[in-house]
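Residue numbers (our numbering), protein chains in the order written: chain H, 1 to 211; chain X, 1001 to 1366.
For every residue, glycine included, the Cβ atom is placed at its ideal position computed from N, Cα and C.
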């Protein structure tokens, strides 16, 4: 049974972390350096979220790991683009994303380190991997939190109501929700950054899109 | 995906698990990949020797055409699963009742996480890898290792340990655990297949039984990886069991080639064959065990089903909690043979194991 407390805490934590961005003054400025930094973070976070979100569904297809690789590449590309948009429009937002990713990484690493004595075959590699997942989630905490909560509830309902759906699929829906929410969060950050830049400038992705 | 090619390997070396007289009887197959070989060697140094007792306690009673063979696949969770009780209640074979011998009907047990306790299991050596002892549900009755069960019941046995069952020392030795086949029929041509190192060392065992008419059925007891480390899951896209399944198929093809069974080889590896899978195989093969699948759509199971096209319909019923981990798969040989699909079922009582056994009946073609 999922606790209702966990998603609420996640959302509150996400709101606190994203507070400085929301309170930031209008007419923010971006820079090439911030675009590169946020693009790099988006790339890494998108790839990680792509892997996390696709592992369960892809593990049930014939392509298997090839499917996961495709999701990771898609996530990386998506994260790179929207990360670059964030940095190009709002250096402060890019810095916030890095700060939140750092908090997520530290939290993941701490949990991973705490597990080391208790989980068989769990090593520092795994702690670092959990830190990486934490960083990806932390870079987009509100979206990931909402997505995980929504996916978790949906997975639970499907498990209990659809014959043959199974607990693995329920967990997979929760993880997919986390990944989709996290990626959607990057989109939202890009929109916010464009707004903060003052007056919704056009953002070009090969073809011209205006948020 | 990491490499999954397999090759025939000599027994011996510093791996106790591949030494001794019984080890010479096995055909060993190991991963070609050097990283796998190094990892597996560290686990292998901590286990005892394998065991082959190819003949049951009685003789002369072969499986005739039309007779059915009961196949039981079960992860016994080391000493937790009450094998004697399962044999008595589900198979109708009482190991302690002399009147029960010879058996009223033939059966084979394909076991995973079977254990042996022996002084031949070596003390922990530097560099040898040992995992924790399996947690067992307390139960009444004797806790017999697989060799003791085979001898008490008069069954033929092949057993190959995969890893130590904890670092504990006992007055009568140490424990390891692995895969086994027990049978009321003689077991020939034992094969041990070291699967690629994903989450510890897993060794599948195979052996062949024969009908009175000379038809053959290869039996394979399989235990795929449970939960790899997080780092490995993320790095490989959770391909651990899929990789082990492909390695297993590759090894079975190598076995068939080495024994000259597939001189007219119908399909070339690598697996998965997907659209080019053959419909008839060099030898009838029944593969069963704990595949640790989270769902019945899992990639590893898809690969195996493609190579075992005469398998019974896969059941989504949980055999370990809600997870459908245990399966029976089959592919027909040149002389036919079939599973009685309607007999395929999960045994409701887990007999103190953390897995439910699955059973099916097989018969050679008339």
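Query: Inter-residue Cα distance where the pair is residue 72 (chain H) and residue 51 (chain H); Result: 5 Å
Query: Cβ of residue 1231 (chain X) within 8 Å of any chain H Cβ; Result: yes
Query: Cutoff 8 Å: residue 1302 (chain X) Cβ touching any chain H Cβ; Result: yes
Query: Beta-carbon neighbours of residue 55 (chain H), restricted to chain X and to distances below 9 Å; Result: 1233, 1234, 1237 and 1238
Query: Minimum length 4: unbroken alpha helix (DSSP H) runs contained in the segment 1149-1173 of chain X; Result: none
Query: Selected residue, minimal CA-CA separation from residue 99 (chain H), among H:112, H:83, H:135 and H:82; Result: H:135
Query: C-beta neighbour in chain X for residue 68 (chain H), strict 8 Å; Result: yes
Query: Distance between beta carbons of residue 1056 (chain X) and residue 1184 (chain X), contact taken as under 8 Å; Result: 6 Å
Query: Within-8 Å CB hit, residue 91 (chain H) to chain A; Result: Given the protein chain composition of this structure (H and X), no chain A is represented.
Query: Contact with chain X by residue 178 (chain H), beta-carbon distance below 8 Å; Result: no
Query: As assigned by DSSP and simplified to three states, the class of residue 1010 (chain X); Result: coil
Query: Beta-carbon spacing of residue 87 (chain H), residue 35 (chain H) below 8 Å; Result: yes
Query: Terminal residues of the alpha helix (DSSP H) in which residue 1254 (chain X) lies; Result: 1240-1258
Query: Whole-number beta carbon distance between residue 1301 (chain X) and residue 1004 (chain X), since they are thought to touch under 8 Å; Result: About 16 Å separates the two Cβ atoms, so there is no contact after all.
Query: Counted within 10 angstroms of its Cβ, other Cβ atoms place residue 1170 (chain X) as buried (16 or more) or exposed; Result: exposed
Query: Closest by C-alpha distance to residue 1363 (chain X), when choosing among X:1332, X:1082 and X:1338; Result: X:1338
Query: DSSP three-state assignment for residue 1283 (chain X), whether helix, strand or coil; Result: coil
Query: Simplified DSSP state of residue 1236 (chain X), which is helix, strand or coil; Result: helix
Query: Sequence-distant residues of the same chain with beta carbon closer than 7 Å to residue 22 (chain H), five excluded per side; Result: Low local confidence applies: a pLDDT of 40 at residue 22 (chain H) is under 50, so the model's placement there is unreliable, with the coordinate-based value given in what follows. Excluding sequence neighbours, residue 22 (chain H) sits near nothing in its chain.
Query: Inter-residue spacing [alpha-carbon to alpha-carbon] between residue 1159 (chain X) and residue 1128 (chain X); Result: 21 Å
Query: Residue 98 (chain H) - containing alpha helix (DSSP H), residue span; Result: 91-115
Query: Distance, residue 48 (chain H) Cα to residue 1233 (chain X) Cα; Result: 12 Å
Query: Selection of the segment 124-139 of chain H by Cβ proximity to chain X, strictly under 8 Å; Result: 125, 126, 128, 129, 130, 132 and 133
Query: One or two residues paired with residue 1330 (chain X) in a DSSP bridge; Result: X:1286 and X:1309
Query: Environment of residue 118 (chain H) [buried if 16+ CB atoms lie within 10 Å]; Result: exposed
Query: Span of the beta strand (DSSP E), counted from its first residue to its last, around residue 1222 (chain X); Result: 1216-1223
Query: Cβ neighbours of residue 1152 (chain X) in the same chain (closer than 6 Å, five flanking residues each side left out); Result: 1095
Query: Sequence-distant residues of its chain with Cβ nearer than 7 Å to residue 41 (chain H) (five each side left out); Result: 83, 97, 98, 101 and 139
Query: Buried versus exposed call for residue 1242 (chain X) [16 or more other C-beta atoms within 10 Å across all chains shown]; Result: buried
Query: Segments assigned beta strand (DSSP E), at least 3 residues, entirely inside the segment 49-91 of chain H; Result: none
Query: Three CB pairs or more closer than 8 Å across the segment 1070-1084 of chain X and the segment 1109-1123 of chain X; Result: yes
Query: Burial state of residue 132 (chain H), where buried means 16 or more other Cβ atoms lie within 10 Å; Result: buried
Query: Chain X within 8 Å of residue 29 (chain H), Cβ atoms only; Result: no
Query: Counted within 10 angstroms of its Cβ, other Cβ atoms place residue 120 (chain H) as buried (16 or more) or exposed; Result: exposed
Query: Extent of the continuous alpha helix (DSSP H) run through residue 1296 (chain X); Result: From DSSP, residue 1296 (chain X) is part of no alpha helix (DSSP H); its letter is neither H nor E.
Query: Rounded straight-line distance, which links the Cα of residue 177 (chain H) to that of residue 1024 (chain X); Result: 53 Å
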